[in-house]
Amino acid sequence: MAFGIKRADLKRWKDEVEAGHIAFLTHFWYDTRFPKAKSVTKVGCNDREKLSEWGRTHGLKEEWIHERDAYPHFDLIGDKQVEIMKREGRIQELQKFL
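First residue of the sequence shown: 26, per this note's numbering; consecutive thereafter.
As C-alpha coordinates, this is what we get:
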(Lines of atoms letter the chains of each structure in order from A and count residues from 1; the text may use other names and numbers.)
(Lines give C-alpha, C1' and ligand atoms only; values in the text may rest on other atoms or scores of the structure.)
Protein backbone atom coordinates (compact mmCIF):
# COMPACT_ATOMS: atom_id res chain seq x y z
CA MET A 1 0.00 0.00 0.00
CA ALA A 2 1.42 3.37 -1.05
CA PHE A 3 0.68 6.69 0.62
CA GLY A 4 2.26 10.04 1.39
CA ILE A 5 2.62 11.33 -2.18
CA LYS A 6 0.58 13.70 -4.25
CA ARG A 7 -1.00 12.96 -7.61
CA ALA A 8 1.40 15.53 -9.14
CA ASP A 9 4.40 13.58 -7.77
CA LEU A 10 3.15 10.39 -9.41
CA LYS A 11 2.45 12.19 -12.68
CA ARG A 12 5.94 13.72 -12.70
CA TRP A 13 7.47 10.25 -12.14
CA LYS A 14 5.39 8.69 -14.90
CA ASP A 15 6.25 11.52 -17.31
CA GLU A 16 9.97 11.13 -16.59
CA VAL A 17 9.81 7.34 -17.00
CA GLU A 18 7.94 7.70 -20.30
CA ALA A 19 10.54 10.22 -21.51
CA GLY A 20 13.31 7.66 -20.96
CA HIS A 21 14.84 9.29 -17.88
CA ILE A 22 15.91 7.50 -14.72
CA ALA A 23 13.13 8.67 -12.38
CA PHE A 24 12.80 8.37 -8.60
CA LEU A 25 9.61 8.25 -6.54
CA THR A 26 9.72 7.65 -2.79
CA HIS A 27 6.60 7.10 -0.73
CA PHE A 28 5.42 5.58 2.52
CA TRP A 29 4.74 1.91 2.09
CA TYR A 30 3.73 -1.09 4.13
CA ASP A 31 4.08 -4.73 3.20
CA THR A 32 3.90 -7.52 5.77
CA ARG A 33 6.86 -9.25 4.06
CA PHE A 34 9.06 -6.29 5.10
CA PRO A 35 7.74 -5.21 8.52
CA LYS A 36 10.68 -2.89 9.28
CA ALA A 37 10.42 -0.97 6.00
CA LYS A 38 8.43 2.26 6.13
CA SER A 39 9.07 3.45 2.59
CA VAL A 40 10.00 2.35 -0.91
CA THR A 41 11.72 4.20 -3.71
CA LYS A 42 10.67 3.26 -7.22
CA VAL A 43 13.41 3.88 -9.77
CA GLY A 44 11.99 3.62 -13.26
CA CYS A 45 12.78 4.18 -16.92
CA ASN A 46 10.97 2.91 -20.00
CA ASP A 47 14.35 2.36 -21.68
CA ARG A 48 14.90 -1.06 -20.17
CA GLU A 49 18.58 -1.25 -21.17
CA LYS A 50 19.25 2.12 -19.54
CA LEU A 51 17.42 0.99 -16.40
CA SER A 52 19.32 -2.32 -16.35
CA GLU A 53 22.66 -0.53 -16.69
CA TRP A 54 21.71 1.90 -13.91
CA GLY A 55 20.79 -1.05 -11.71
CA ARG A 56 24.07 -2.86 -12.44
CA THR A 57 26.03 0.17 -11.23
CA HIS A 58 24.26 -0.28 -7.88
CA GLY A 59 24.51 -4.07 -7.67
CA LEU A 60 20.91 -4.71 -8.75
CA LYS A 61 20.03 -7.64 -10.99
CA GLU A 62 18.05 -7.15 -14.18
CA GLU A 63 15.56 -9.82 -13.13
CA TRP A 64 14.57 -7.59 -10.19
CA ILE A 65 12.96 -5.09 -12.55
CA HIS A 66 9.20 -4.96 -12.07
CA GLU A 67 7.36 -4.85 -15.37
CA ARG A 68 4.36 -2.64 -14.69
CA ASP A 69 2.51 -1.32 -17.72
CA ALA A 70 4.77 1.28 -19.36
CA TYR A 71 6.68 1.87 -16.12
CA PRO A 72 9.41 -0.73 -15.55
CA HIS A 73 11.16 -0.03 -12.25
CA PHE A 74 13.28 -1.29 -9.38
CA ASP A 75 11.83 -1.16 -5.87
CA LEU A 76 14.42 0.00 -3.34
CA ILE A 77 13.80 -0.73 0.33
CA GLY A 78 15.71 -0.86 3.59
CA ASP A 79 19.47 -0.44 3.78
CA LYS A 80 19.89 -0.74 0.00
CA GLN A 81 17.41 2.10 -0.48
CA VAL A 82 19.37 4.37 1.86
CA GLU A 83 22.71 3.36 0.34
CA ILE A 84 21.60 4.06 -3.24
CA MET A 85 19.78 7.28 -2.41
CA LYS A 86 22.95 8.58 -0.69
CA ARG A 87 25.09 7.56 -3.66
CA GLU A 88 22.68 9.29 -6.04
CA GLY A 89 22.69 12.50 -3.96
CA ARG A 90 18.96 12.13 -3.22
CA ILE A 91 19.00 11.38 0.50
CA GLN A 92 16.94 14.50 1.29
CA GLU A 93 14.04 13.05 -0.70
CA LEU A 94 14.16 10.00 1.54
CA GLN A 95 14.49 11.77 4.92
CA LYS A 96 10.81 12.54 5.39
CA PHE A 97 9.93 8.87 4.85
CA LEU A 98 12.38 7.33 7.33
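For every residue, glycine included, the Cβ atom is placed at its ideal position computed from N, Cα and C.
Run of the alpha helix (DSSP H) containing residue i, from where it starts to where it stops
i	result
Leu76	73–82
Lys111	103–112
Ala33	32–43
Ile116	116–120
Option nearest residue i by Cα separation, candidates the options
i	options	result
Val42	Asp72, Val107, Ile116	Asp72
Thr51	Ala33, Gly29, Ala95	Gly29
Cut-off 6 Å between Cβ atoms - residues of its own chain near residue i, not counting five sequence neighbours on either side
i	result
Ala48	Trp38, Glu41, Val42, Gly69
Met110	Ile116, Leu119
Asp34	none
Val107	none
Residue i, enclosing beta strand (DSSP E) - first and last residue
i	result
Leu50	48–54
Gly69	64–69
Short Cβ contact (8 Å threshold) for residue i with residue j
i	j	result
Glu74	Gly80	no
Lys36	Phe122	no
Same chain, Cβ closer than 8 Å to residue i, neighbours up to 5 away in sequence not counted
i	result
Glu113	Phe49
Leu76	Ile47, Val68, Gly69, Cys70, Ile90, Pro97, His98, Phe99
Glu92	none
Test: residue i CB closer than 8 Å to a CB of chain B
i	result
Gly69	Protein chains in the displayed structure number just one, and chain B is not present.
Spatial neighbours of residue i in its chain, beta-carbon cut-off 7 Å, leaving aside the 5 residues before and after
i	result
Ala95	Glu43, Asn71
Original post:
Touch check for the segment 55–63 and the segment 91–109: three-plus C-beta pairs under 8 Å?
Top reply: Yes: at least three Cβ pairs fall under 8 Å.
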